[in-house]
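Residue numbers for the sequence shown, in numbering that gives the first Met the number 0: 0 to 153. Where a beta carbon is used, it is the ideal one built from N, C-alpha and C, also for glycine. Read the structure below first, then the notes.
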Amino acid sequence: MKYSIGLLSLAIVSATAPPVEAQQIRSVQFSYPQILSSRAVGNTHYITLNTGAYQPLSYLEILPMSNVVELTQGNILVTDRYERVINTDVSQIGGGIRINFERPIPPRTTLRIAMDDVYTAPRTNARVYKYRVYGRHIGFNQNITYGIASINTY
0 MKYSIGLLSL AIVSATAPPV EAQQIRSVQF SYPQILSSRA VGNTHYITLN
50 TGAYQPLSYL EILPMSNVVE LTQGNILVTD RYERVINTDV SQIGGGIRIN
100 FERPIPPRTT LRIAMDDVYT APRTNARVYK YRVYGRHIGF NQNITYGIAS
150 INTY
């Protein structure tokens, strides 16, 4: 009987523990800056990203990939994963925005950017809006590409 209980407990432990490959992926998941998700609610576009394991982040640039969308500097809110507001200074760059952080954002931080009242050109059939997202990390002499945020509005 003792042998049966040992096998049963081994089966339960192995069924609940994630495979070794998943544990390894989870540990390196945020080693590089990346966009985690993007979505729209009404006229507000949201981008959630992780800053990766690099040096602290000093600013982000978000650039629309088409001329049917326009971002304005006054309607941007940045929060961390605990929904605490991050102090920023937002400026226009071309058709996009630069979000300068009052204090550098530490590595491996998850940020949520809410772009409220996004202007989209009238009478366009566009239902998917794409933004290029870049970040400048302290100690780097060029922007690092986070990726393309694709926001579906249908």
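Have a look at the DSSP bridge pairing and note the partners of Q141. Walking along the sequence shown from the start, residue 141 turns up at place 142. Per DSSP, none; premise fails for Q141.
Measure the C-alpha to C-alpha separation of T71 and S30 and round it to an integer number of angstroms. The count along the sequence shown starts at 1 and reaches residue 71 at position 72. The count along the sequence shown starts at 1 and reaches residue 30 at position 31. Near 31 Å, if we compare the C-alpha coordinates of S30 and T71.
Quick check on G146: does DSSP put it in helix, strand or coil? Reading the sequence shown from its first residue, position 147 is the one you call residue 146. It is a strand residue.
Can you tell me which of the three DSSP states N151 falls into? Translated into the one-based positions of the sequence shown, residue 151 becomes position 152. Looking at N151 - three-state DSSP - the assignment turns out to be strand.
Report the rounded CA-to-CA distance for R83 versus I96, giving the unit in angstroms. Working through the sequence shown from its first residue, we reach residue 83 at position 84. Working through the sequence shown from its first residue, we reach residue 96 at position 97. Distance between the alpha carbons of R83 and I96: 21 Å.
Mind checking whether the beta-carbon of V117 lies closer than 7 Å to any heavy atom of the ligand FMN? Because no ligand of any kind appears in the structure shown, any question about the ligand FMN cannot be addressed here.
Start-end ranges of the beta strand (DSSP E) lying completely within the region 55-118, minimum 3 residues: 56-63, 75-79, 87-92, 95-104, 109-114
Let me know the secondary structure DSSP gives N49 once reduced to three states. Within the sequence shown, numbered from 1, the residue matching residue 49 stands at position 50. N49: strand per DSSP, three-state reduction.
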